[in-house]
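The sequence shown begins at 3 in the working numbering and counts up one residue at a time.
For every residue, glycine included, the Cβ atom is placed at its ideal position computed from N, Cα and C.
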Amino acid sequence: MNSRKTNETLKSSCLGEPMPVDFRCNQIPRGIVGVSQCLLIVLTFCMSPAGVIHAQDNAVQPAAPAAASDEAATPEGDPPPIQPQPKNAAIQQPAQDCMQTIIDQQALTRKIREINNPLERIADPKYLQLKRTVTTNVQNGTDTAAEMENLTLTLKYRLFQATDPSFFANPENVKGLLNEMDREIKRAGSQAGNAQRIKAYRQKYCDAVLAVAKQMFDNSLDARAIAIQVIKELNVNTTTVGLVENHPESLSALIGLLKDPEQPNSVKVITAAAVSFVLTTTSVVPQQQAEVSDVIADELDRPCTEPEYQLALLDTLFDITIARKPVGAPVTTGMRTFVKIIDDRNRRVDVRCRAAFGIGQGAYDERINFDPLAYKIAVLALEASQFFNQAPGVPAWQQCGVDLFFALRHEDKNGLTKKLPLLPQGMMNRAAQSDVVSNSGQLVLKIAVPLVVNNAKIPQADQVELDKWIKANQALANKAWE
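Structure (structure tokens):
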């Protein structure tokens, strides 16, 4: 069972053909050439409004508001246990309230897809004249002003091809471009001399690539996607202990894209995946990790964002490896966001389940009290079971079940290792001495497994048993967890 990957096939109403889509982009291809599948993620944002409305109608819906009747949230003739409700639960807004925002996002995506603004670059003969010399000098780490200017010219020639719509008519063009950049990034400075000289040259090289790529941030959707995929690969050094140092300026540029209100969510989804790639393949200083956690929290606070974008943001947050901010008040990084999402009953249930996964798999420390978090996940599991019993078989439920399962348990034997902040995995291992976590966990697992199997309703007896536990432990509802 792969807890971090959900592959789906989406028929794009933009292109009218089936496309592999990987919404969970923390598994962004570990190499610049394998980006084609992840680039297709943007197709979900250019579906027709009618398609989105239809998808919303059939999607996993958020938990019922406090004011709603129990009968309205359950199958006829199958009365559920009563759900504990937050005292000041927000009223569930109709999905239609967000439709205009979603439609506007789709329109913005279509608008930038249609941009036809090829950026100026040198002529083909000039590029061919410079190419061999530049390739040699990049490998040797030659950094004179003249050579760095020639490098910039060749980078513009290569990357600015992606600003010409005709370039994408042949997929081999894209593959060739990314292959060429991949080779050059890996070899840059390799023959420059000692480790210090290599690092110094790679810093200059990465600065040059970033400066060119950033000029594509306001070009077409394809151009922006290519720029992001190139930027995420930039790193300055491999240390003696094997750590790959990220290029901080590149990560800052990606963070800037997430912050930019002018960028559509279709660009930000790709950006979130790129940030995840940087976090998982390079050594990122705690201060930048904290900055990533803050911008993700802010993006998740934005109203009316697409659930797929919310899932991508949560997946990126799983890759933060510090439990608390290193500067200022020692607040948690990912945990505070995971808890906030779980508590937000206006969110779609599968998004809240994904946040529950983070409680058991994200960065933590021993100051976290898992008892109140176990209560929150128990309430979520009960709500999920009631909605599931209305429509078992909807594909999204399987991932929800997987997420609830791994909120509690480890993925493999390595997940039992005690090595904070990421290990052990699963609340039942992180708080192994807690009766609250153990008892609620056993009941939640009775909900999670049928969600994964996804072919029959959850027995009412299991719902009643979980509800009984929730009622007996209501004192945990408002107990501090950090």
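Under the three-state reduction of DSSP, Val287 is assigned to coil, being neither helix nor strand. Counted as a single uninterrupted DSSP element, the stretch harbouring Asn237 is not any alpha helix (DSSP H) but the beta strand (DSSP E) occupying residues Asn237 to Thr240. Non-local C-beta neighbours of Lys234 in its own chain, meaning closer than 6 Å and more than five positions away in sequence, comprise Ala276, Phe279 and Val280, ordered along the chain.
For the pair Leu375 and Lys327, the Cα-to-Cα distance works out to about 20 Å. Between the C-alpha atoms of Lys177 and Glu308 there is a straight-line separation of about 30 Å. The closest CA to that of Ala299, considering only Glu484, Gln465, Val454 and Leu313, is found on Leu313. A residue is called buried when at least 16 other Cβ atoms come within 10 angstroms of its Cβ; Val438 meets this threshold and is buried. Boundaries of the alpha helix (DSSP H) around Glu467: Gln462 to Ala474. Judged by DSSP secondary structure, Glu174 falls outside any beta strand (DSSP E) and instead within the alpha helix (DSSP H) spanning Pro173 to Arg189. Around the beta-carbon of Pro266, 16 or more other beta-carbon atoms lie within 10 Å, marking it buried. Between the alpha carbons of Asp184 and Asn457 lies a gap of roughly 45 Å. Judged by DSSP secondary structure, Asn248 falls within the beta strand (DSSP E) whose first and last residues are Val246 to Asn248.
For the options His249, Arg356, Gly403 and Glu484, the alpha carbon positioned closest to that of Ala331 is the one of Glu484. The continuous alpha helix (DSSP H) containing Gly403 extends over residues Ala398 to Leu410. Of the other Cβ atoms in all chains shown, 16 or more fall within 10 Å of the Cβ of Gly364; this residue is therefore buried. In the three-state scheme derived from DSSP, where H, G and I count as helix and E and B as strand, Arg369 is classed as coil.
A distance below 7 Å between beta-carbons, with the five flanking residues on each side excluded, links Pro426 to the following residues of its chain, in chain order: His412, Gly417, Leu418, Thr419, Lys420 and Arg432. With respect to Cys402, Ile104 sits apart: the two C-beta atoms are not nearer than 9 Å. In terms of CA proximity to Leu236, Tyr207 leads the group Tyr207, Leu245, Asn221 and Met218. Between the stretch 188-207 and the stretch 168-177 there are fewer than three inter-stretch CB-CB distances shorter than 8 Å, so the stretches are not counted as touching.
For Glu151, the uninterrupted alpha helix (DSSP H) run begins and ends at Ala147 to Phe162, by DSSP.
In the pairwise beta carbon analysis, the stretch 143-161 is classified as not touching the stretch 252-271: fewer than three pairs are separated by under 8 Å.
Between Gly244 and the set Glu251, Thr284 and Ala225, the nearest pair of CA atoms involves Thr284. Considering only Val351, Thr135 and Ser252, the residue with the shortest C-alpha distance to Gln231 is Ser252. As DSSP reads the structure, Thr334 sits in a beta bridge with Arg326. With a cutoff of 9 Å on beta-carbon distance, Val269 and Ile114 are scored as near each other. Counting only the Cα atoms, Pro397 lies some 28 Å from Lys415. Take Phe162, set aside five residues on each side of it, and the residues of its chain with a beta-carbon closer than 6 Å to its own are Leu121 and Arg123, in chain order. Distance from Gly336 to Leu319 at the Cβ level is roughly 5 Å; contact confirmed, criterion being Cβ atoms closer than 8 Å. Taking the CA atoms as reference points, Arg338 sits about 22 Å from Asn475. At a Cβ-Cβ threshold of 9 Å, Glu186 and Thr146 do not count as neighbours.
Taking a contact as a CB-CB distance under 8 Å, the pair Val341 and Glu385 does not count as one, their CB atoms being some 16 Å apart.
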